[in-house]
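All remarks here apply to the structure that follows.
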Amino acid sequence: MHSLKKLYSNFINSLNGLGAGLKEHSFVMEVIGGVVLIPYVVIANLELFFKISIVAVYFLLLAFELLNTSIEKLSDKITTAFDEDIKKIKDLSSAAVFLVLLVLVSLIIISIII
């Protein structure tokens with residue numbers, strides 16, 4: 001029974017995190033992008049594996065954006081003053097989001113070309 005309560009609690013925490021993410025501009029913009037992307041993937045004449053790949057990378061993008069936002073918020077709790085090390089940390093997490101976005105855009109371009 002304790003395991004079910006813990007599982008439920010984790011589920012609620014995850015929903016709370018998604019709700020917090022939906023208050024962040026970058027995350028909302030990526031969700032809006034998905035509103036366009038998902039119907040395109042469904043309608044496009046692509047192999048199933050390719051469709052699954054695009055959707056999987058899209059959800060990875062959302063996950064990376066949430067992690068990036070978490071790192072930025074945690075860093076701001078440590079100090080709001082400029083700190084070179086914190087800037088590097090924020091830049092690194094932003095770069096991770098950017099790399100996933102590049103993979104997604106590449107997959108979309110390939111899907112249009114083929």
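According to our numbering, the sequence shown is numbered sequentially starting from 1. Note that the Cβ used here is the ideal one computed from N, Cα and C, for glycine as well.
Using a Cβ distance threshold of 9 Å, G21 and T69 count as a contacting pair.
Residues of the same chain with a CB within less than 8 Å of the CB of A44, apart from the 5 flanking positions on each side, are K51, S111 in chain order. Note on Y58: 16 or more other CB atoms within 10 angstroms of its CB, so buried under the neighbour-count rule. The three-state reading of DSSP puts K23 in coil, since its state is none of H, G, I, E or B. Taking the Cβ atoms as the reference, I86 lies roughly 7 Å from I78, within the contact range of under 8 Å. Our two residues, I32 and P39, have alpha carbons roughly 12 Å apart in a direct line. Counting the other Cβ atoms within 10 Å of the Cβ of F64 gives 16 or more, which makes it buried.
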